[in-house]
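Numbering (our numbering), first residue to last: -7 to 366.
Some notes on the structure that comes next.
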Amino acid sequence: MAGRHNIKFPGFKILDRYILRKFLGTYFFAIALIIIIVVVFDAVEKMDDFITNKATLQVVALDYYLNFIPYFINQFSGLFTFIAVIFFTSKMAYQTEIIAILSSGVSFRRILWPYFLGAMFITAVSLSLNLWVIPGANARRVEFERQYLNKNKNLDLRYDRHIYRQIYPGTFAYIRGYNGRTEKATYLAIEQYDGSRMVASLEASDATFIPETKRWTADRYMTRTFDENNLEHLEKHERLDTMINLDVLELGKLEDIIQTMSFGQLNRFIVDQKAKGSDMVSMFEVERQNRFAYPMATFVLTVIGLSLSSRKVRGGTGLHIGVGIALCFSYILICKFAAEFAKSSTFFSPILLVWMPNIIYAFVAVYLYKKAPK
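This is the structure in structure tokens:
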């Protein structure tokens, strides 16, 4: 009888194809199944709004759901990767396929290779969606919701009632009641500060914004100046025509708007905001880093899933999936906490905080990998 080391597994390429087909097949099947369920339930819930606002089937399918699906896939890509790995690997372990592969002389590290290839493919798709596809899809989806799903279609939800932006270091613009369709604001104020003390301001009612020139116009306005004794000097003027360093994009809800920017637009926007000394740069940096951090977590979650489910246990697939989902949801929860903390933290770098969950779970992955059956 041949010794153990003379027994050859029937072709490494066959093993790679087998595992890769199982991995990606299970992943896409799970994604497709949940998308169908979500779309059906969502359509039933919103059917009255579609009918009331006369949204055609073509508009609903192409402008809403076609743009909703990439966002949904990317949001839950990590979870479905984890479930896919655990589901089919646990089944292989239960049927002693993992033991047979290891007994044939194939190392656990070698088994990891097709999983790595599958994770690489899913990461590439997720990155492409995050950096280029989803921003444009989000913009079209939000516009559809505003037009067909808002109870008051005349209400432009893209803009806050009160908009306060820094346009230069020490200079701020306050805009109240801006309407994106008419490009008018009920009130505009430009305030200049020396430290915490206001030294001058310009105020106008019923101001109109010209996006092409970034100029504001109004029939009347007034200026205030404050001397060293904090005495106010007020002057009234006719015909305001002034340009301020404020793009039309910055007039909207910034947390929503940056989600509709492509990666290139977001990079340029962050550079511009840093030049203005904006105190919201951390929030923009979190959005940029999240577009990389979450897709890259696919590798970490894949290693954790494989290491957990490759050992045959009494609870079988059910136990593996239960433990795996608990770990995956804890990862998502930590990601959310880290992102929110990064937006407001002044002590830690937002880049470090966004990547911290990946770093923590990378150590978990290494530990479980060392404990996996060899």
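Positions of the beta carbon are idealized from the N, C-alpha and C atoms, including for glycine.
- Here R173 carries a coil assignment [DSSP, helix/strand/coil].
- Of H229, Y151, F100, the smallest CA-CA separation from K363 is found for F100.
- For V263, the uninterrupted alpha helix (DSSP H) segment begins and ends at 255 to 268.
- The Cβ-Cβ distance between R216 and S188 does not fall below 7 Å.
- A direct Cα-to-Cα measurement between G70 and T115 gives close to 9 Å.
- Distance from the CA atom of S336 to the CA atom of E277, rounded to whole angstroms, is 11 Å.
- At least 7 Å separates the beta-carbon of E183 from that of F201.
- If the five residues before and after D152 are omitted, its C-beta is found closer than 7 Å to the C-beta atoms of K245, all from its own chain and listed in chain order.
- Restricted to the segment 153 to 208, the beta strand (DSSP E) segments that are unbroken, complete and at least 3 residues in length are 154 to 160, 163 to 168, 176 to 186, 189 to 202, listed in chain order.
- DSSP places E247 in the uninterrupted alpha helix (DSSP H) bounded by 246 to 249.
- Shortest Cα-Cα distance from F255 to any of V77, N122, G169 involves N122.
- Counted as a single uninterrupted DSSP element, the alpha helix (DSSP H) harbouring M288 occupies residues 273 to 301.
- Per DSSP, the beta bridge partners of K228 are M214.
- If you ignore the 5 residues before and after Y170, its C-beta comes within less than 7 Å of the C-beta of Y151, I155, A177, L243, all in its own chain and listed in chain order.
- Residue nearest to I317 within the set K46, D34, A199, I75 is I75 (criterion: CA-CA distance).
- Cβ-Cβ distances below 6 Å link V117 to nothing in the same chain once the five nearest sequence neighbours on each side are left out.
- Of the residues assessed, K5 falls on the exposed side of the cut-off, its CB having fewer than 16 other CB atoms within 10 angstroms.
- Straight-line spacing of the CA atoms in I236 and Q257 works out to 20 Å.
- Distances from the alpha-carbon of Q87 to those of K304, F20, F284 put K304 closest.
- Counting only residues of its own chain and dropping the five nearest sequence neighbours on each side, W347 has a CB closer than 8 Å to the CB of Q281, A285.
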